[in-house]
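Written below as structure tokens is the structure these notes are about.
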Amino acid sequence: MNNPIVYVPDIPMDIDEDELATLIQTRVQTSQRMKVHNVKCYSKLGVAIITLFDDNDKNHLVANVQSIVLETDLRTTISFEDKLELDSYIIIDRNAMNIPSVNEVAQHYTKSYKISRICACKTVSDQFPNVFRIAFQKFHELLPAVEVPSFKILGVSATVYSRFDCNFFEDLPLPIEDDEIRSAIAAQIGAKQLSFRSFYVQHNSRTGSGMIVASKSEKKWAKQGFLTINGLNISRKFKLSYRVLVSPVPRDFDINKILNNRLFINYVVSQKLIDDKLVIELQDFDHFKFCLEVGGFGIESEAFIIKPHTVVSDPDSCELDALNWYETKMQDIVPDVTTIIHDYQHPIFRFKWNAQNFLKQMNKAAAIPAKGYDLTKHLLRVTVMLNTIGTLRKKQYIVDDTLVKLKLERIQTIGYSHQSKLFTRKTLSQTDFQTPYPKTTVQVVEEDCLVLYEQLVAKGH
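This is the structure we're talking about:
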């Protein structure tokens, strides 16, 4: 009968393996008063395996203890788990003339590293056909590749990334290079440069998407929910979407006629109509690519163009509209200027203002009866504030194709004390005081401020 095993998935990687194994064994034995058979550390994987004598001790560590402080001085904590995530990635040279199939990758891994069975293998995305996820069932199946991660598949170079995570990023600012993404990650986690052993980065310039394969030991990166690049925060995703833009869609046109067209029927995941543009998410990359190659189609007397859907890569040259802000990115922000005001490169500070687009959104929001708090109107007000702040920072704006430069003067503060003299003392009678108005009436109204402004203007104020 095999001894019970507990996994430690988060060991420090800067301590000698034997020294760390002794430290873990001593700490567990003294703090939990249990016997430990042995501890084996694998620093390249960031993993330790604790072999115990008793199943009750295993259950106690995993269910009750869960984690302990390994070194008080270094504030190092380790956790205990009964299972270990073993998913790894095999990445083929992206410049290879022929990318091996899934079966060829799995079979050559088995043959090269002499393991007893063929592991399950699949591509991570159609946009990155040279990247494969391989699923191990037992810890020893991935160990041979830890020391020798490179091997050949039909003469093509392949590299194994053992116990790594894979995330995707959509709508990257274009043009962009892999090195720019690596530099952005390094800056985000406070590193001078990224280790090629811990990170693999690849982007698809056609779709504007990126993929980052990172070691599970890179804790700082694992905590990041987004990638910050060129001032943009791009959320990480576990799978990519394939979206096309169909336009122009006439007002009152039945979009079901488009969705039921032979190009799209049975391939649509979701759709959204934004002004005269229909954004369609498709099921797979092959059909996405096919639609772009077709480039357009006709229904009755209407002609439609198909383009890839991407966010604006140069907000300075674009006006605020429904597609790039009001009905997309604006919906994701918190209606509070303080959450964005310090992000100087945020697109909202850089877009050109278009009054007609804003009024269209306000009229659209006003047409929907709101019960209590109106989030959409609040977001629209915040949009005005943020874009105005951007104008003040740029010290210029364009109206009717005319560039207007702002002459901003700093506010001067003059301090007065009890010794200050504002003017020569003079006695005035009550009749000498002149006021611009005979009286001022203040009315407190619980109403949306923009609605109230509109009412006052209509009354001639």
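Take 0 as the starting number for the sequence shown in numbering that gives the first Met the number 0 and just add one per residue. Don't be surprised by glycine CBs; every beta carbon is placed ideally from N, CA and C.
Counted as a single uninterrupted DSSP element, the alpha helix (DSSP H) harbouring residue 361 occupies residues 354 to 365. Residue 151 holds the alpha-carbon nearest to the alpha-carbon of residue 110 among 96, 84, 151. Residue 192 and residue 185 do touch by the CB rule: their CB atoms are close to 6 Å apart, below 8 Å. In the DSSP assignment, residue 28 falls within the alpha helix (DSSP H) that extends over 16 to 31. The segment 13 to 22 makes contact with the segment 31 to 41; the number of CB pairs closer than 8 Å reaches 3 or more. Within the same chain, 266, 268 come within 7 Å of residue 282 by CB-CB distance, once the 5 residues on both sides are set aside. 8 Å or more divides the Cβ of residue 7 from the Cβ of residue 62. Scanning the segment 371 to 431 for uninterrupted beta strand (DSSP E) segments of 3 residues or longer gives 395 to 398, 401 to 404, listed from N- to C-terminal end. Rounded to the nearest angstrom, the gap between the Cα atoms of residue 370 and residue 446 is 12 Å.
In terms of CA proximity to residue 198, 214 leads the group 214, 279, 387, 45. The DSSP-derived three-state label of residue 289 is helix. For residue 202, the uninterrupted beta strand (DSSP E) segment begins and ends at 198 to 203. Counting C-beta atoms within 10 angstroms of its own C-beta, residue 409 has fewer than 16 neighbours from the protein chains shown and is therefore classed as exposed.
Sequence-distant partners of residue 367 (beyond 5 residues in either direction) whose C-beta falls short of 8 Å from its own C-beta, in its chain, are 375. In its chain, beyond the 5 residues on either side, no residue has a beta carbon closer than 7 Å to the beta carbon of residue 55.
Annotation: the continuous alpha helix (DSSP H) that includes residue 221 extends over 218 to 221.
Secondary-structure assignment with DSSP links residue 241 through a beta bridge to 281. For residue 329, the secondary structure class from DSSP, reduced to helix, strand or coil, is helix. Taking the CA atoms as reference points, residue 116 sits about 11 Å from residue 107. With contact defined as three or more Cβ pairs closer than 8 Å, the segment 166 to 181 and the segment 63 to 83 are not in contact. The beta carbon of residue 227 sits closer than 7 Å to the beta carbons of 183, 187 from its chain, once the five residues preceding and following it are set aside; these are given in chain order. Within a 10 Å sphere around the beta-carbon of residue 130 sit 16 or more other beta-carbons, which makes this residue buried. Counting only the Cα atoms, residue 136 lies some 24 Å from residue 12. Annotation for residue 307: no alpha helix (DSSP H) segment contains it, though the beta strand (DSSP E) segment containing it runs 301 to 307. Contact check for residue 31 against residue 60 passes: the beta carbons are separated by less than 8 Å.
In the three-state reduction of the DSSP assignment, residue 246 falls in the strand class. Of all alpha-carbon atoms in 276, 323, 318, the one lying nearest the alpha-carbon of residue 304 is that of 276.
In this chain, the alpha helix (DSSP H) harbouring residue 258 covers 255 to 258. The Cβ atoms of residue 87 and residue 147 lie no closer than 8 Å to each other.
Bridge pairing for residue 164: 213 [DSSP]. Counting only residues of its own chain and dropping the five nearest sequence neighbours on each side, residue 113 has a CB closer than 8 Å to the CB of 143. Counting only the Cα atoms, residue 384 lies some 11 Å from residue 377. When beta bridges are read from the DSSP output, residue 351 appears opposite 318. Excluding five sequence positions before and after residue 382, the CB atoms of its chain that fall closer than 8 Å to its own CB belong to 319, 324, 325, 329, 347, 357, given in chain order. Per DSSP, the continuous beta strand (DSSP E) segment holding residue 270 begins and ends at 267 to 273.
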